[in-house]
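These notes concern the structure reproduced below.
Numbering (the working numbering), first residue to last: 317 to 929.
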């Protein structure tokens, strides 16, 4: 009788615990749709979030939390047009767990997803709205199955939404950077000394001033055309998805890193990079014919000869262009770059007297070259980190990354002070105000980066450097089966990512199984691991007395029954422990019997008591 009462009470407790858990995040989702003037359909998800909770938005943050997304079912006769976006403006805050600014909704929010029907007529949309909510103590990954019957016939047509302002601003900034890069290419040692000679060729022998101006225009348009063709080739590589892959795949990142390293070494004076001389010679022979055709081939020769200095600028623009966004980005970027690059030549052909006001060539051009060398090396480290993060090697850690950047910035500051010089530098007879200001800027930036070595978030450069949550981040590979080993602390413990193997290890060792339900994007999970689980006492107990299993509820590894392992773990968590929150910790034996817990966010003392069952 006593055993029966105990079991009854335990069962009721689990039942009430389950009800309470499912009621914790009372998020309500209302779905509607708009038939757009371009034939597409816009799905609108209005969400109401219970008090004390917040929901991460659909705005992606690299290295940040899981963004809300809509998975369209394969049974739906439609195709999604891009990713789901925020329908209302999200709040922003600095999340210390990620060391980043994150976007979130409180109270209510809205998401929008545009889809293109595969056929005419009415159809049914089926899919899953996936989002993450947190309350400071725990996080939940929610999956709401959505079914919407779309009636196309007779529906009120809504004007198709325009591109979001943020995208326009992003493209505008990209084009401004491309324009600045074009002007930067002009003040390199390979190009700047050629301005008088090139302009002299264009206007020399012209029968009239108007003819000289027209030849200058032909030269400028030819330069734009040549660089635009280069952008077109990159753009024709494939679709937007293909350019997205270019931006994240290890091969282009490694190529850009190698390109920048080679050019930086060249800029420091180790060797010269030139295209085959035959190309330049052929262009020169055609340019000698004069006229507008000659102006075109002068432009061709200029592009070829200046490649050793403009190559890094072109590579940088193309590298930025292929990272998602607009398919025409490489074309637009190269056209703007070419326009800025040719602008000084065209202006001087219009007003030849301006050439007298140009600064004379000299040692300052080599200074520009050395500055570019250091900048290129800094960006090469960024591309190498992307390769490292793609494979999850952990070779380029946040600490190492910052150490390299600090070293480069300090060396650049010393260079401007004349402490270090290259073989091609002219002697420095004193430090002018310009050099002093640049040196101050370099050392100030170095001092700003130094606290990052000890855990400071460095928010202003957080998008460029490795995230704070660990030494590295795996950006491509899903969590796989079997054992995993990580750098330090709790994450260094021998652990399992599948329940079956963890239970087998528990049976073989005779140790109880410590289970963690978490997600890669759970901020509370990160805080718990950094504080409680890394406590020396807790860490010692887990290391010596338990078999450890880390079950990621957002694991994308395919599963025959549940589609993904993450769904399988979430279902197990709900059925076994009556909870759907993360983090959740429990201790079971190899048969699945609960020995202690479950518990969620806890203090060190509470967690120690949980382990002392």
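The C-beta atom is built at its ideal place from N, Cα and C for all residues, glycine as well.
If you reduce the DSSP assignment to three classes, tell me which class residue 431 lands in.
By one-based count along the chain shown, residue 431 stands at place 115. Three-state DSSP puts residue 431 in a strand.
Sort out for me which residues DSSP pairs residue 462 with in a bridge.
As a first step, residue 462 must be located in the chain shown, where it is residue number 146. According to DSSP, residue 462 bridges with 443.
Got a sec, what are the start and stop residues for the beta strand (DSSP E) residue 585 sits in?
Position 269 of the chain shown, counting from 1, holds the residue named residue 585. Counting along the chain, residue 585 falls outside any beta strand (DSSP E), and DSSP gives it neither H nor E.
Give the secondary structure of residue 869 by DSSP, where H, G and I count as helix, E and B as strand, and everything else as coil.
Here the question's residue 869 lines up with position 553 in the chain shown. In this structure, residue 869 counts as coil in the three-state DSSP scheme.
So residue 535 packs on residue 617, CB below 8 Å; how close in whole Å?
Here the question's residue 535 lines up with position 219 in the chain shown. Here the question's residue 617 lines up with position 301 in the chain shown. Contact doesn't hold; Cβ gap of about 11 Å is too wide.
Give the C-beta separation of residue 462 and residue 445 to the nearest angstrom, bearing in mind that I take them to be a contact with Cβ-Cβ under 8 Å.
Residue 462 sits at position 146 when you count from the first residue of the chain shown. Residue 445 sits at position 129 when you count from the first residue of the chain shown. Indeed, because the Cβ distance is near 5 Å, the residues count as touching under 8 Å.
Which residues bound the beta strand (DSSP E) around residue 364?
Here residue 364 is taken as the residue at index 48 of the chain shown, counted from 1. That run of the beta strand (DSSP E) goes 357 to 364.
Nearest-angstrom Cα distance between residue 454 and residue 737?
Translated into positions along the chain shown, residue 454 becomes position 138. Translated into positions along the chain shown, residue 737 becomes position 421. Cα to Cα, residue 454 sits roughly 55 Å from residue 737.
Whole angstroms are fine: how far does the CA of residue 807 sit from the CA of residue 688?
Taking the chain shown and counting its residues from 1, one reaches residue 688 at position 372. Taking the chain shown and counting its residues from 1, one reaches residue 807 at position 491. Each residue's Cα considered, the two are about 39 Å apart.
Considering only the beta carbon of each residue, do residue 966 and residue 755 sit closer than 8 Å?
The chain is shown only over 317 to 929; residue 966 falls outside these bounds and no answer can be derived.
Check the DSSP bridge columns for residue 418 and list the partner residues they point to.
The residue labelled residue 418 in the question sits at position 102 within the chain shown. Its beta-bridge partners are 409.
Residue 693 to residue 495, Cα distance in whole Å?
The residue labelled residue 693 in the question sits at position 377 within the chain shown. The residue labelled residue 495 in the question sits at position 179 within the chain shown. Using only the alpha carbons, I get a separation of about 22 Å.
I'd like to confirm the pairing. Which residues does DSSP put opposite residue 371 in its beta bridges?
Numbered from its first residue, the chain shown carries residue 371 at position 55. 421 and 449.
In its own chain, which residues sit with a C-beta less than 6 Å from the C-beta of residue 758, not counting the 5 before and 5 after it?
In the chain shown, the residue the question calls residue 758 occupies position 442. The answer, listed in chain order, is 725, 728 and 729.
Ignore the nearest five residues each way along the sequence and tell me which others in residue 921's own chain have a CB closer than 6 Å to its CB.
Translated into positions along the chain shown, residue 921 becomes position 605. Closer than 6 Å at the Cβ level, and outside the excluded window around residue 921, lies no residue.
My output table needs one value for residue 384: the three-state DSSP class, helix, strand or coil.
Your numbering for residue 384 matches position 68 in the chain shown. Reduced to three states, the DSSP call for residue 384 is coil.
Run through the region 844 to 890 for me and flag every whole beta strand (DSSP E) of 3 or more residues, listed as ranges in chain order.
With a minimum length of 3 residues, the continuous beta strand (DSSP E) runs that stay inside the region 844 to 890 are 863 to 868.
Which full runs of the alpha helix (DSSP H) of 4+ residues lie inside the region 681 to 767, going along the chain?
Listed in chain order, the complete alpha helix (DSSP H) runs (minimum 4 residues) inside the region 681 to 767 are 714 to 732 and 749 to 765.
Taking C-beta to C-beta, are residue 781 and residue 857 nearer than 8 Å?
Position 465 of the chain shown, counting from 1, holds the residue named residue 781. Position 541 of the chain shown, counting from 1, holds the residue named residue 857. Contact flag unset, no.
What is the rounded straight-line gap between the Cα of residue 531 and the Cα of residue 668?
By 1-based counting over the chain shown, the position of residue 531 is 215. By 1-based counting over the chain shown, the position of residue 668 is 352. Distance between the alpha carbons of residue 531 and residue 668 is about 13 Å.
Residue 820 lies in the alpha helix (DSSP H); which residues open and close that run?
Along the chain shown, one-based indexing puts residue 820 at 504. Run containing residue 820: 815 to 825, per the alpha helix (DSSP H) assignment.
I need the DSSP call for residue 504, collapsed to helix, strand or coil.
For the purposes of this step, residue 504 is taken as residue 188 along the chain shown, with counting starting at 1. In this structure, residue 504 counts as coil in the three-state DSSP scheme.
On a CA-only basis, which of 533, 575, 650 and 655 is nearest residue 609? Give me that one, please.
The sequence position of residue 609 within the chain shown is 293, counting from 1. Residue 609 has its Cα closest to that of 533, out of 533, 575, 650 and 655.
Quick test of your reading: residue 809 and residue 864, contact by CB under 8 Å. State the CB separation rounded to the nearest angstrom.
To locate residue 809, count along the chain shown from 1; it is residue 493. To locate residue 864, count along the chain shown from 1; it is residue 548. Confirmed, about 5 Å.
If you draw a straight line from the C-alpha of residue 917 to the C-alpha of residue 834, how long is it?
Taking the chain shown and counting its residues from 1, one reaches residue 917 at position 601. Taking the chain shown and counting its residues from 1, one reaches residue 834 at position 518. Their Cα atoms are separated by approximately 12 Å.
Would residue 566 and residue 707 qualify as a contact pair, given that the criterion is a beta-carbon distance under 8 Å?
As a position in the chain shown, residue 566 is number 250, starting the count at 1. As a position in the chain shown, residue 707 is number 391, starting the count at 1. Yes, the pair counts as a contact, with Cβ atoms nearer than the cut-off.
With DSSP collapsed to three states, give me the class of residue 811.
The residue labelled residue 811 in the question sits at position 495 within the chain shown. Residue 811: strand per DSSP, three-state reduction.
When DSSP labels each residue in this structure, what does residue 929 get in the three-state scheme?
Counting from 1 along the chain shown, the entry for residue 929 is found at position 613. Three-state DSSP puts residue 929 in coil, outside helix and strand.
Which residue marks the beginning of the alpha helix (DSSP H) containing residue 645, and which one marks its end?
Here residue 645 refers to the residue found at position 329 of the chain shown. Its alpha helix (DSSP H) spans residues 645 to 666.
Assign residue 396 to one of three DSSP states: helix, strand, or coil.
Along the chain shown, one-based indexing puts residue 396 at 80. Correct three-state label for residue 396: strand.
Taking the alpha-carbon positions, what's the residue 820 to residue 828 distance?
Taking the chain shown and counting its residues from 1, the one referred to as residue 820 is at position 504. Taking the chain shown and counting its residues from 1, the one referred to as residue 828 is at position 512. If I take the Cα positions, the gap works out to 11 Å.
Could you give the first and the last residue of the continuous beta strand (DSSP E) run that contains residue 832?
Here residue 832 corresponds to residue number 516 of the chain shown, with the count starting at 1. That run of the beta strand (DSSP E) goes 829 to 834.
Does the beta-carbon of residue 824 have 16 or more other beta-carbons within 10 angstroms, so that it is buried, or is it exposed?
As a first step, residue 824 must be located in the chain shown, where it is residue number 508. Under this definition residue 824 is an exposed residue.
By Cβ distance, which residues of its chain are closer than 7 Å to residue 619, with the 5 residues on each side in sequence left out?
Here residue 619 refers to the residue found at position 303 of the chain shown. Excluding residues within five positions, the ones whose Cβ falls inside 7 Å are 539 and 542.
Whole angstroms are fine: how far does the CA of residue 399 sit from the CA of residue 361?
Here residue 361 refers to the residue found at position 45 when the chain shown is read from its first residue. Here residue 399 refers to the residue found at position 83 when the chain shown is read from its first residue. In a straight line, the C-alpha of residue 361 is about 14 Å away from that of residue 399.
Within the present structure, is the beta-carbon of residue 771 separated from the nearest heavy atom of the ligand NAD by less than 7 Å?
Among the ligands in the structure shown, none appear at all, so the ligand NAD cannot be discussed.
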